[in-house]
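Under the numbering used here, residue 1035 is the last one in the sequence shown; the count climbs by one each step, no gaps.
For every residue, glycine included, the Cβ atom is placed at its ideal position computed from N, Cα and C.
Written out below as C-alpha coordinates is the structure these notes cover.
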Amino acid sequence: MRWETCGRRAVYLSDWVEVWLDDVEVPGGQRFEHHVLRFPRPSVAAVVLRGEATLLLWRHRFITDSWGWEIPAGWTDHPDEGLEVAVRREIEEETGHRAAHVEPMTSYHALSGISPMRYTVFLATEVTRIGDPTDGSESTRVEWVPLADIPRLAAAGHISDGPSLTALSYYLGIHRAVGH
(Lines of atoms letter the chains of each structure in order from A and count residues from 1; the text may use other names and numbers.)
(Lines give C-alpha, C1' and ligand atoms only; values in the text may rest on other atoms or scores of the structure.)
Protein backbone atom coordinates (compact mmCIF):
# COMPACT_ATOMS: atom_id res chain seq x y z
CA MET A 1 0.00 0.00 0.00
CA ARG A 2 2.37 2.64 -1.27
CA TRP A 3 1.38 6.27 -1.66
CA GLU A 4 2.54 7.86 -4.93
CA THR A 5 3.67 11.47 -5.30
CA CYS A 6 2.09 12.94 -8.44
CA GLY A 7 3.32 16.50 -8.02
CA ARG A 8 4.91 18.96 -5.62
CA ARG A 9 4.85 22.72 -5.12
CA ALA A 10 6.69 24.97 -2.70
CA VAL A 11 4.65 27.03 -0.24
CA TYR A 12 7.54 28.52 1.77
CA LEU A 13 11.32 28.22 1.40
CA SER A 14 14.07 29.42 3.74
CA ASP A 15 17.55 28.33 4.82
CA TRP A 16 15.97 26.71 7.92
CA VAL A 17 12.73 25.09 6.78
CA GLU A 18 10.67 24.46 3.66
CA VAL A 19 6.93 23.84 3.44
CA TRP A 20 5.71 21.92 0.39
CA LEU A 21 2.32 20.69 -0.80
CA ASP A 22 2.61 17.26 -2.36
CA ASP A 23 -0.15 15.93 -4.62
CA VAL A 24 -0.41 12.30 -3.51
CA GLU A 25 -2.42 9.32 -4.65
CA VAL A 26 -3.23 6.56 -2.19
CA PRO A 27 -4.13 2.96 -3.06
CA GLY A 28 -7.67 2.99 -4.38
CA GLY A 29 -7.07 6.11 -6.45
CA GLN A 30 -7.97 8.91 -4.03
CA ARG A 31 -5.79 12.03 -4.51
CA PHE A 32 -5.23 14.92 -2.15
CA GLU A 33 -2.62 17.48 -1.10
CA HIS A 34 -0.39 16.66 1.84
CA HIS A 35 1.80 19.21 3.66
CA VAL A 36 5.47 18.21 3.87
CA LEU A 37 8.13 19.90 5.99
CA ARG A 38 11.66 19.69 4.63
CA PHE A 39 14.79 20.75 6.46
CA PRO A 40 17.58 21.61 4.01
CA ARG A 41 20.43 20.45 6.26
CA PRO A 42 21.04 17.06 7.92
CA SER A 43 20.45 16.85 11.68
CA VAL A 44 22.90 15.36 14.18
CA ALA A 45 22.86 14.64 17.90
CA ALA A 46 25.19 12.99 20.41
CA VAL A 47 24.95 10.89 23.53
CA VAL A 48 28.14 12.08 25.24
CA LEU A 49 29.46 9.62 27.83
CA ARG A 50 31.95 9.68 30.66
CA GLY A 51 31.76 6.48 32.65
CA GLU A 52 28.15 6.00 33.74
CA ALA A 53 27.13 9.63 33.13
CA THR A 54 25.94 11.58 30.10
CA LEU A 55 26.45 15.26 29.33
CA LEU A 56 23.17 17.19 29.13
CA LEU A 57 22.15 20.81 28.59
CA TRP A 58 19.42 22.47 30.68
CA ARG A 59 17.58 24.78 28.34
CA HIS A 60 14.38 26.66 27.65
CA ARG A 61 12.47 26.10 24.41
CA PHE A 62 10.37 29.15 23.59
CA ILE A 63 8.10 27.30 21.16
CA THR A 64 6.80 24.97 23.88
CA ASP A 65 7.63 27.40 26.71
CA SER A 66 9.27 24.56 28.59
CA TRP A 67 12.54 23.80 30.37
CA GLY A 68 14.29 20.47 30.11
CA TRP A 69 17.44 18.43 29.74
CA GLU A 70 18.67 17.82 26.19
CA ILE A 71 21.59 16.16 24.47
CA PRO A 72 23.82 18.27 22.19
CA ALA A 73 22.24 18.47 18.74
CA GLY A 74 22.08 20.61 15.62
CA TRP A 75 22.50 20.74 11.87
CA THR A 76 25.37 20.76 9.46
CA ASP A 77 26.52 24.36 8.93
CA HIS A 78 27.03 24.03 5.17
CA PRO A 79 26.54 21.39 2.44
CA ASP A 80 30.16 20.20 2.57
CA GLU A 81 30.26 19.65 6.34
CA GLY A 82 30.16 15.94 7.12
CA LEU A 83 27.95 14.54 9.86
CA GLU A 84 30.85 13.57 12.15
CA VAL A 85 32.41 17.02 11.78
CA ALA A 86 29.03 18.62 12.53
CA VAL A 87 28.38 16.57 15.66
CA ARG A 88 31.88 17.27 16.99
CA ARG A 89 31.31 21.00 16.42
CA GLU A 90 27.90 20.90 18.11
CA ILE A 91 29.34 19.14 21.18
CA GLU A 92 32.04 21.80 21.51
CA GLU A 93 29.77 24.79 20.84
CA GLU A 94 26.97 23.67 23.15
CA THR A 95 28.91 22.05 26.01
CA GLY A 96 32.50 23.31 25.96
CA HIS A 97 33.72 19.70 25.72
CA ARG A 98 35.65 17.84 23.02
CA ALA A 99 35.18 14.15 22.25
CA ALA A 100 38.24 12.21 21.11
CA HIS A 101 36.02 9.41 19.82
CA VAL A 102 32.65 9.63 18.05
CA GLU A 103 30.85 6.83 16.25
CA PRO A 104 27.43 6.63 14.61
CA MET A 105 24.94 4.92 16.92
CA THR A 106 21.61 5.14 15.08
CA SER A 107 19.71 7.13 12.49
CA TYR A 108 15.96 7.70 12.39
CA HIS A 109 13.15 9.73 10.82
CA ALA A 110 11.95 12.17 13.49
CA LEU A 111 8.65 13.18 11.85
CA SER A 112 7.91 10.45 9.31
CA GLY A 113 4.26 11.44 8.81
CA ILE A 114 5.08 14.97 7.63
CA SER A 115 8.81 15.17 6.95
CA PRO A 116 11.76 13.20 5.54
CA MET A 117 13.90 14.78 8.31
CA ARG A 118 16.51 12.30 9.46
CA TYR A 119 18.53 12.52 12.68
CA THR A 120 21.87 10.74 12.92
CA VAL A 121 22.84 10.09 16.53
CA PHE A 122 26.44 9.57 17.53
CA LEU A 123 28.01 8.11 20.65
CA ALA A 124 30.79 10.38 21.91
CA THR A 125 33.42 9.21 24.41
CA GLU A 126 36.87 10.14 25.72
CA VAL A 127 35.60 13.63 26.50
CA THR A 128 37.67 16.57 27.73
CA ARG A 129 36.45 19.97 28.89
CA ILE A 130 38.07 22.66 26.71
CA GLY A 131 36.26 25.73 28.05
CA ASP A 132 32.85 27.30 28.30
CA PRO A 133 30.20 26.70 25.64
CA THR A 134 30.75 29.15 22.78
CA ASP A 135 27.04 29.75 22.28
CA GLY A 136 25.65 31.14 25.52
CA SER A 137 22.11 31.15 24.14
CA GLU A 138 21.94 27.34 23.96
CA SER A 139 21.54 26.55 27.67
CA THR A 140 21.74 27.89 31.21
CA ARG A 141 23.94 25.02 32.38
CA VAL A 142 25.69 21.85 31.24
CA GLU A 143 25.97 18.90 33.63
CA TRP A 144 27.06 15.30 33.80
CA VAL A 145 23.90 13.38 34.68
CA PRO A 146 24.09 9.76 35.89
CA LEU A 147 22.66 7.36 33.31
CA ALA A 148 20.72 5.70 36.13
CA ASP A 149 18.76 8.98 36.57
CA ILE A 150 17.61 9.19 32.92
CA PRO A 151 14.45 7.03 33.28
CA ARG A 152 13.31 9.01 36.35
CA LEU A 153 14.02 12.37 34.67
CA ALA A 154 12.13 11.30 31.55
CA ALA A 155 9.17 9.97 33.56
CA ALA A 156 9.00 13.28 35.46
CA GLY A 157 8.93 15.23 32.18
CA HIS A 158 12.38 16.77 32.66
CA ILE A 159 13.53 15.16 29.40
CA SER A 160 10.75 15.75 26.87
CA ASP A 161 12.66 16.74 23.73
CA GLY A 162 12.06 14.10 21.04
CA PRO A 163 15.63 13.70 19.77
CA SER A 164 16.96 13.50 23.34
CA LEU A 165 14.35 10.94 24.43
CA THR A 166 14.96 8.87 21.31
CA ALA A 167 18.76 8.91 21.56
CA LEU A 168 18.95 8.25 25.30
CA SER A 169 16.29 5.53 25.15
CA TYR A 170 18.07 3.90 22.22
CA TYR A 171 21.39 3.97 24.05
CA LEU A 172 20.00 2.63 27.33
CA GLY A 173 17.57 0.11 25.87
CA ILE A 174 19.18 -1.16 22.69
CA HIS A 175 22.79 -0.09 22.17
CA ARG A 176 24.01 -1.40 25.53
CA ALA A 177 21.74 -4.46 25.37
CA VAL A 178 23.28 -5.76 22.15
CA GLY A 179 26.78 -5.59 23.57
CA HIS A 180 28.17 -2.33 22.26
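Asked	Found
Run the CB neighbour count on Ala1010, radius 10 Å, all protein chains shown included, and call it buried at 16 or more, exposed below.	exposed
Going straight from the alpha carbon of Leu938 to that of Ala979, what length do you get?	13 Å
Helix, strand or coil: how does DSSP classify Ala1011 here?	coil
According to DSSP, is Thr931 part of a helix, a strand, or is it coil?	coil
Note down the Cα distance separating Trp913 from Ser1015, rounded to an integer number of angstroms.	12 Å
My parser needs the alpha helix (DSSP H) runs of 4 or more residues fully inside the segment 920-968; what are they?	938-950
Taking C-beta to C-beta, are Arg864 and Trp875 nearer than 8 Å?	yes
Looking at the secondary structure, which residues open and close the alpha helix (DSSP H) in which Thr1021 lies?	1017-1025
How about Ala928 and Pro1018: are their beta carbons less than 8 Å apart?	yes
Give the C-beta separation of Val902 and Met960 to the nearest angstrom, bearing in mind that I take them to be a contact with Cβ-Cβ under 8 Å.	7 Å
Suppose contacts are defined by Cβ-Cβ distances below 8 Å. Is Ser898 in contact with Arg953 by that definition?	no
Just tell me which of Phe917, Arg943, Arg896, Glu948 has its CA closest to the CA of His933.	Arg896
Where do the N-terminal and C-terminal ends of the beta strand (DSSP E) with Glu998 fall, by residue?	996-1001
If you draw a straight line from the alpha carbon of Glu873 to that of Leu966, how long is it in whole angstroms?	14 Å
By Cβ distance below 6 Å, which residues in the same chain neighbour Ala1022 in space, the five residues on each side in sequence not counted?	Ala900, Val902, Ile926, Val976
Looking only at its own chain, which residues have a Cβ that is under 8 Å from the Cβ of Tyr867, when we skip the five neighbours before and after it?	Glu873, Val874
Under the DSSP definition of a beta bridge, which residues are partnered with Phe917?	DSSP lists no partner for Phe917.
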